[in-house]
């Protein structure tokens, strides 16, 4: 069993050239960092300039990978890079996670096939016709129902993020402590804590824990 993440940028045709360039750079940088967390090649690849797909060989980690990619993009803005103020988000993603088997593996993720790839790709197509940004599909309908309800709530929460909120969540997902984030961003620890609470970190952390537990039980340990 493995997970496949398929995604595309929302309204990318309206992005200024500088923003699109920063998005592509950020995606490639994040793909390289996530590669180091995986025992096998994730094969994340950008195609058409505004879409990407990759493999997560530990499916219980797929949501963490997806949220790291999302927040890496949500935190971007074209304002003064030395400014740590909160701005309206300028870039966002639509993402689908598919968990299943892989029947045909090629060097390019775009040429690979199997249940996980089909689940992910078809679900991303469904998202284009829905007011949703994150969705899961597996062979287990109960698991799909639980997490797609939770992901709908997460969409509502994350839609309210500013770039500053997304940036704090990004570093928390990387395992940074509040003091380390404060040093990284050049702000006070209390400011980090305020942004953390405003972004709903406690709920996000609970969702990540629940996802890892259920996916491990259902698909990793062969329940």
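In the working numbering, the protein residues as written are 185 to 407. Just so you know, even glycine gets a beta-carbon here, dropped at the ideal spot from N, CA and C.
Fewer than three beta-carbon pairs drawn from the stretch 201-212 and the stretch 242-252 are found closer than 8 Å, and the two stretches are therefore not classed as touching. Contact check for residue 240 and residue 227: beta-carbon distance about 10 Å, past the 8 Å limit, so the pair fails to qualify.
The beta-carbon separation of residue 214 and residue 253, rounded to 5 Å, stays under the 8 Å limit for a contact. A Cβ-Cβ distance of about 11 Å is found for the pair residue 402 and residue 328, leaving them out of contact under the 8 Å criterion. The stretch 297-305 and the stretch 280-288 touch, with no fewer than 3 CB-CB distances between them shorter than 8 Å. Counting other Cβ atoms within 10 Å of its Cβ, residue 198 stays below 16 and is therefore classed as exposed. When C-beta atoms of the stretch 383-394 are compared with those of the stretch 358-375, fewer than three pairs fall below 8 Å, so the two segments do not count as touching.
In this chain, the alpha helix (DSSP H) harbouring residue 374 covers 373-382. If you look at residue 201, you'll find it in the alpha helix (DSSP H) that goes 201-219.
Per DSSP, residue 275 lies in no alpha helix (DSSP H) segment and is marked neither H nor E. Secondary-structure assignment with DSSP links residue 229 through a beta bridge to 237. In the three-state DSSP reduction, residue 329 falls in the helix class (H, G or I). Closest in C-alpha terms to residue 275, from the list 320, 200 and 223, comes 200. DSSP, reduced to helix, strand and coil, places residue 400 within a helical segment of the structure shown. Collapsing the DSSP output to three states places residue 366 in a helix. Going by C-alpha positions, residue 313 is about 12 Å away from residue 306.
Judged by DSSP secondary structure, residue 300 falls within the alpha helix (DSSP H) whose first and last residues are 299-311. The secondary-structure analysis by DSSP pairs residue 342 with nothing; it has no beta-bridge partner.
The distance from the Cβ of residue 318 to that of residue 339 is about 6 Å, consistent with a contact at the 8 Å cut-off. Here residue 379 is buried, its C-beta having at least 16 other C-beta atoms within 10 Å.
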